[in-house]
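Note that full-length UniProt numbering has the sequence shown beginning at 1, numbered continuously upward. All C-beta atoms, glycine included, are put in the ideal place defined by N, C-alpha and C. What follows is a short report on a single structure.
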Amino acid sequence: MNWINRLISTFVGGLFIFSGLIKINDPVGTAIKLEEYFEVFALDKEQLNLSVFHGFWEFLVPYSLYIGAFLCVLEVVLGVALLVNYRKVWTVNLLLAIIVFFTFLTFYSAYFNKVTDCGCFGDAIKLTPWQSFYKDIILLILILVLWVQRKTFANTSNAISQSLVLGSALICSLLAYYAVAHLPFIDFRNYKVGNHIPTLMKQQEPCQYEYIMEKEGKLQTFKDYPSDTTYKFKEMVITNGEACEPKIKDFKLWNEEGEFTEEALKGNKLLIIIHDLNRNNYIGRTHVESFPAIVRLTNELKGVTPMVLTSAESRFFEQFRHEVQLAVPYYLADATLLKTMIRSNPGLILLKDGTVKAQWHYNDIPNANDDIFK
Numbered sequence: 001m002n003w004i005n006r007l008i009s010t011f012v013g014g015l016f017i018f019s020g021l022i023k024i025n026d027p028v029g030t031a032i033k034l035e036e037y038f039e040v041f042a043l044d045k046e047q048l049n050l051s052v053f054h055g056f057w058e059f060l061v062p063y064s065l066y067i068g069a070f071l072c073v074l075e076v077v078l079g080v081a082l083l084v085n086y087r088k089v090w091t092v093n094l095l096l097a098i099i100v101f102f103t104f105l106t107f108y109s110a111y112f113n114k115v116t117d118c119g120c121f122g123d124a125i126k127l128t129p130w131q132s133f134y135k136d137i138i139l140l141i142l143i144l145v146l147w148v149q150r151k152t153f154a155n156t157s158n159a160i161s162q163s164l165v166l167g168s169a170l171i172c173s174l175l176a177y178y179a180v181a182h183l184p185f186i187d188f189r190n191y192k193v194g195n196h197i198p199t200l201m202k203q204q205e206p207c208q209y210e211y212i213m214e215k216e217g218k219l220q221t222f223k224d225y226p227s228d229t230t231y232k233f234k235e236m237v238i239t240n241g242e243a244c245e246p247k248i249k250d251f252k253l254w255n256e257e258g259e260f261t262e263e264a265l266k267g268n269k270l271l272i273i274i275h276d277l278n279r280n281n282y283i284g285r286t287h288v289e290s291f292p293a294i295v296r297l298t299n300e301l302k303g304v305t306p307m308v309l310t311s312a313e314s315r316f317f318e319q320f321r322h323e324v325q326l327a328v329p330y331y332l333a334d335a336t337l338l339k340t341m342i343r344s345n346p347g348l349i350l351l352k353d354g355t356v357k358a359q360w361h362y363n364d365i366p367n368a369n370d371d372i373f374k
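Listed below in structure tokens is the structure:
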């Protein structure tokens with residue numbers, strides 16, 4: 001059984017490290033998913049009646065970022081500990097606890113169709129809710145195999161293994177902090193630098209169909225609609241669903257005067273993204289201290305038109321923009337869209353004819369004389 005345990009340990013440890021590193025690249029994205037779960041749990045009165053703990057879930061919402069970052073780092077640390085056999089009994093116990101937690105989340109997503117993207121591998125690898133659940137079931141079984149044999153493990157804790165575990169914890173914590181304080185190291189989203197938004201708003205390729213027909217009680221599938229009139233039509237299925245759909249479906253801007261989506265994708269535009277005006281939630285909190293630099297930038301820019309995009313209600317935003325003296329036209333957009341576009345509140349995106357030329361976190365506000373604006 002030793003070689004089986006070693007094989008399982010290598011696979012599980014490697015997968016946890018891979019998953020954790022992808023999420024460490026974007027801790028805010030993980031926090032957004034946790035926040036969605038907590039909010040759904042707080043309102044769940046029908047499925048598992050989780051709203052019984054309504055106050056507890058609401059209490060967790062403001063701490064989603066801290067919990068998410070901790071879980072990301074913990075995944076990597078446990079993966080490393082498993083690979084180097086560091087305190088393997090404790091490691092396997094913690095792995096079992098965390099995989100049970102993840103399996104519950106993915107089951108809830110899949111079975112009740114809530115929070116349909118669990119973010120298991122961030123934005124790098126998209127899995128359906130059921131795919132995520134089956135993946136966690138496989139991991140749960142493998143970890144249970146290790147857990148059953150935990151008493152046979154040597155409780156190793158030498159200087160090398162301890163250094164590797166502590167070193168991974170320190171490095172991952174620093175990486176997570178940097179990704180939160182700036183932007184993800186690698187951007188897997190549709191609004192990354194270099195992408196042309198109008199192109200991604202179109203079908204990637206023509207849709208392809210299959211026709212399911214019935215004749216004499218038997219079902220048959222055709223790529224072309226049969227000319228034989230004795231067949232009875234049952235169903236038409238798209239065979240390349242993801243490929244024939246736009247990658248960007250929700251990019252839409254409007255205000256009380258109408259829609260301004262196309263206007264934002266013409267010429268040089270500086271999009272100032274303000275997710276909302278919640279000053280209590282760490283994720284949603286608008287960093288008010290950064291607005292003097294943003295206002296100065298908008299006043300000094302030449303040849304670039306600034307536009308504010310927000311999901312806040314107009315009556316609240318009017319008051320807010322007067323407080324921070326942001327004399328820039330603003331437009332409404334979906335809250336999820338804005339969180340997807342940039343992991344910063346506020347955040348800046350420079351567009352040139354719909355192509356993303358640059359992005360900035362509020363900690364990295366540029367100067368108007370930077371080459372990127374020329």
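Do you know how far the Cα of Ile197 is from the Cα of Cys72? 30 Å
Span of the beta strand (DSSP E), counted from its first residue to its last, around Met341: Per DSSP, Met341 belongs to no beta strand (DSSP E); it is in the alpha helix (DSSP H), 335-341.
With Leu83 and Leu94 assumed to form a contact (beta carbons below 8 Å), what rounded beta-carbon distance in angstroms separates them? In fact, because the Cβ distance is near 14 Å, the residues do not count as touching under 8 Å.
For Tyr111, count neighbouring Cβ atoms within 10 angstroms of its own Cβ and tell me buried if that reaches 16, exposed if not. exposed
Between the CA atoms of Lys202 and Pro246 - distance to the nearest angstrom: 5 Å
Between the alpha carbons of Tyr209 and Thr230, how many angstroms are there, rounded? 20 Å
State the start and end residues of the unbroken beta strand (DSSP E) segment that holds Tyr331. 330-332
Are the segment 168-182 and the segment 51-60 touching by the rule of at least three beta carbon pairs closer than 8 Å? no
Going by CA-CA distance only, name the one from Lys357, Phe373, Asn25, Asn367 that's closest to Ala181. Asn25
With the cut-off set at 9 Å, would you say Ala81 and Val165 are in Cβ contact? yes
Out of Ile8, Arg87, Lys266, Thr261, point me to the one whose CA is closest to Leu139's CA. Ile8
Sort Glu216, Tyr66, Thr199 by Cα distance to Ala176 and report the nearest one. Tyr66
By a C-beta neighbour count over all protein chains shown, 10 Å radius and 16 as the cutoff for buried, is Ser157 buried or exposed? exposed
Would you tell me roughly how many angstroms separate the C-alpha atoms of Ser64 and Gly29, rounded to the nearest one? 10 Å
Rounded to a whole number of angstroms, what is the C-alpha to C-alpha distance between Glu75 and Cys120? 11 Å
Using only the alpha-carbon positions, how far apart do Asp371 and Lys357 sit? 12 Å
Since Glu235 is in the beta strand (DSSP E), which residue starts that stretch and which ends it? 232-238
Give every residue of the same chain whose Cβ lies closer than 6 Å to the Cβ of Leu50, excluding the five residues on either side of it in the sequence, and list them in chain order. Phe41, Asp44
Let me know the secondary structure DSSP gives Asn363 once reduced to three states. helix
Are the segment 358-366 and the segment 290-297 touching, with three or more C-beta to C-beta distances below 8 Å? yes
Using a Cβ-Cβ cutoff of less than 8 Å, which residues in the same chain neighbour Phe70 once the five nearest sequence positions on both sides are dropped? none
Answer with buried or exposed for Asp123, where buried requires no fewer than 16 other C-beta atoms within 10 angstroms of its C-beta. buried
Please look up how many angstroms separate the CB atoms of Asn345 and Ile274, rounded, as I've assumed it's under 8 Å. 7 Å
Compare the Cα-Cα distances from Lys232 to each of Thr221, Thr239, Ile238 and report the closest residue. Thr221
Roughly how many whole angstroms lie between the Cα atoms of Leu96 and Glu318? 50 Å
Ala179 versus Phe185: straight-line alpha-carbon distance, rounded: 7 Å
Please identify the residue among Arg315, Lys215, Asp224, Thr199 whose C-alpha is closest to the C-alpha of Glu262. Thr199
Which ranges does the alpha helix (DSSP H) cover as unbroken runs of at least 4 residues, wholly within the segment 125-209, from first to last along the chain? 129-148, 159-181, 197-200
Does Val324 come out as helix, strand or coil in the three-state DSSP assignment? coil
Taking the C-alpha atoms as reference points, what is the distance between Phe18 and Thr10? 12 Å
Tell me, which residues are paired with Pro306 by DSSP? Leu270
How many whole angstroms separate the CB atoms of Leu309 and Leu338, which I take to be in contact at a CB cut-off of 8 Å? 6 Å
Residue of Arg343, Pro306, Ser311, Met213 minimising C-alpha distance to Val328: Pro306
Closer than 6 Å by C-beta to Leu253: which residues in its own chain qualify, once you throw out the five before and the five after it? Chain order, please. Phe260, Thr261, Ala264, Tyr331, Ala333
CA-to-CA distance, Lys135 to Asn2, given in whole angstroms: 24 Å
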